[in-house]
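Student:
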Amino acid sequence: GAGVSQSPSNKVTEKGKDVELRCDPISGHTALYWYRQSLGQGLEFLIYFQGNSAPDKSGLPSDRFSAERTGGSVSTLTIQRTQQEDSAVYLCASSLQTSGAYEQYFGPGTRLTVT
Amino acid sequence: SQKIEQNSEALNIQEGKTATLTCNYTNYSPAYLQWYRQDPGRGPVFLLLIRENEKEKRKERLKVTFDTTLKQSLFHITASQPADSATYLCALSYNNNDMRFGAGTRLTVKP
């Protein structure tokens, strides 16, 4: 079946511009996560959604970052006024539930480069 | 705050040997601990999950141990192959709602 998909696969933007990154999770998965991975680094948790509950935004690095999940499915991560330090690979994952008892299925990521 | 440390950035071993990767954490033990494999340019792929009350889990050539006294998980790959070369990440779930990942260990298996 279809896995998690993300678009675009690559995004180059100028400093100060806004960008939107999209994630299509696996159908039926109620939990959706966003992570950021800088070169040679581990995954930095950004935000997760569980069903219709309010998202946990505790990992968002600044108020320039926001995310929404429409209809409990597709999610969009928005970065406003991008900075060079925002350059990284942004990974989305989905899971049956947010419990750590469930594995996460990752998309291929969006590589963001801010020039 | 919780810290997760994976033993080394890189580990090089000879084909056929057993690779052992370490994941150490501070403070209290997670309810669940997972291991993932990540290849260059790809997202992580789930390998194994072990619960707080479990000591060991196996899957084919893979074995994970969980020692809450040492605050450590070990990940073993027996009879390693060049195809096992990748970065391996441990991930800990504390409050049952999110996962925290280590920085990963890059394993290279030489033929």
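Residue numbers (the working numbering), protein chains in the order written: chain H, 81 to 195; chain W, 18 to 128. All C-beta atoms, glycine included, are put in the ideal place defined by N, C-alpha and C. Note that this is a predicted model, so its numbers are computed, not measured.
1) So that I know if they touch, is there some Cβ in chain H lying closer than 8 Å to that of W/Gly33?
2) On a Cα-Cα basis, can you pick out the residue from W/Glu32, W/Gln23, W/Ile67 and W/Lys76 that is closest to W/Ser97?
3) Ordered along the chain, which non-local residues of its own chain (more than five positions away) have a Cβ less than 8 Å from that of W/Pro128?
4) State the Cα-Cα distance for the pair W/Leu28 and W/Arg54, rounded to the nearest angstrom.
5) Could you name the residues of chain W that H/Gly131 contacts, counting a contact when the two beta carbons are closer than 9 Å?
6) What's the gap between the Cα of W/Asn24 and the Cα of H/Gly131?
7) Using Cβ-Cβ distances below 8 Å, what residues of the segment 96-119 of chain H are close to chain W?
8) Is W/Glu77 helix, strand or coil by DSSP?
9) When the cut-off is 8 Å and only beta carbons count, does W/Gln19 lie next to chain H?
Tutor: Well, looking at it:
1) Taking the second sequence and counting its residues from 1, the one referred to as residue 33 of chain W is at position 16. Answer no: the Cβ-Cβ gap between W/Gly33 and chain H never drops below 8 Å.
2) Taking the second sequence and counting its residues from 1, the one referred to as residue 97 of chain W is at position 80. Nearest in C-alpha terms to W/Ser97, of all of W/Glu32, W/Gln23, W/Ile67 and W/Lys76, is W/Glu32.
3) Against the second sequence, residue 128 of chain W aligns to sequence position 111. Closer than 8 Å at the Cβ level, and outside the excluded window around W/Pro128, lie Glu32 and Pro99.
4) Along the second sequence, read from residue 1 onward, the residue named residue 28 of chain W stands at position 11. Along the second sequence, read from residue 1 onward, the residue named residue 54 of chain W stands at position 37. Their backbone Cα atoms lie some 14 Å apart in a straight line.
5) The sequence position of residue 131 of chain H within the first sequence is 51, counting from 1. Those do not exist, as H/Gly131 stays about 12 Å from chain W at its closest Cβ, beyond 9 Å.
6) Numbered from 1 along the second sequence, position 7 holds the residue referred to as residue 24 of chain W. Numbered from 1 along the first sequence, position 51 holds the residue referred to as residue 131 of chain H. Spanning the two alpha carbons is a distance of roughly 36 Å.
7) If the cut-off is 8 Å between Cβ atoms, the segment 96-119 of chain H has Tyr113 and Tyr115 near chain W.
8) Here the question's residue 77 of chain W lines up with position 60 in the second sequence. Of the three classes helix, strand and coil, the one that applies to W/Glu77 here is coil, per DSSP.
9) Locating residue 19 of chain W in the second sequence gives position 2, where the first residue counts as 1. False, the Cβ-Cβ gap to chain H never drops below 8 Å.
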